[in-house]
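A short worksheet on the structure shown next.
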Amino acid sequence: MNVPILLVATDSIKWKGVDGIISDFSVAGAYEAMRPRAHVVSWFHVIWFSQCIPRHPFVAWLLMMEKLKTHDKMMAWEIHNQTLLCPLCKGCSDSHSHLFFECNFSRAVWDKARPYMNIQIHSYNWSHISNCLADGAVNSARVVVSKLMFAAMVYFLRQERNCRLFKGKSRTKDRLFDDIYSSVRLKLMTIHFKESRQVRELKIVWRLA
Ligand SMILES: [Zn+2]
């Protein structure tokens, strides 16, 4: 196209959006217009919520998308001649479902966490737990605490796996649960919930009263 020669006017950059509206250009606006989009999934609010502990949801999201580099994924890298054992139980190779839900070590930590989750967990698998969490009122204190606990569980179980695998350091299930509890309790100290009987009960359980 012929570039117009501006003699009396100042040039400026404009952005024409998908809706045809022309506005001032910004990188944020351009990214928003071009980024890939998908349908909002039912578990969106389970992972991403304003009171979350910033470094935790990303690992839970990777778990949901099955993108963590667990042994079942590494098999595709043609390392069949190596024995890969779950660093937590040393019973079999790990996978997303094994590492976070089926492993004996992980289940023992879940058993300790369950009284603090405020939801009825009948079986340890991602879809059941995320459904339980997605069913609750998004901002109720009980649901926020449950979601914080869930994300912390996933984060610390993965951290423990990697510490054992790459650093040769390990924690007992009790010590690991203490770290999870402390992490969530520290966050709860910064959140202001509207006063209610439910909140008063939570404060007692979490030693915030
Ligand atoms: Zn295991």
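Here this note's numbering is used: the first residue of the sequence shown is -5, the next is one more, and so on. All residues carry an ideal CB built from backbone N, CA and C; glycine is no exception.
Distance from the CA of residue 142 to the CA of residue 11, rounded to the nearest whole angstrom, comes to 38 Å. Rounded to the nearest angstrom, the gap between the Cα atoms of residue 124 and residue 137 is 11 Å. Segment contact: the stretch 51 to 67 against the stretch 86 to 101, three or more CB-CB distances shorter than 8 Å; contact assigned. For residue 172, the enclosing alpha helix (DSSP H) covers residues 167 to 182. Between residue 97 and residue 113, the C-beta gap is not smaller than 7 Å, which leaves the two residues out of contact. Taking a C-beta distance under 7 Å as the contact criterion, residue 99 and residue 83 qualify as a contact pair. Residue environment for residue -3: exposed (fewer than 16 other C-beta atoms within 10 angstroms of its C-beta). Listed by position in the chain, the residues whose beta carbon lies within less than 7 Å of some heavy atom of ligand 1 are 80, 82, 83, 85, 86, 88, 92, 93, 97, 98, 99 and 100. Per the Cβ contact rule, the stretch 2 to 22 is not in contact with the stretch 103 to 120 (fewer than 3 Cβ pairs under 8 Å). For the pair of segments examined, the stretch 179 to 192 was found not to touch the stretch 157 to 168: the number of CB pairs separated by less than 8 Å stays below three.
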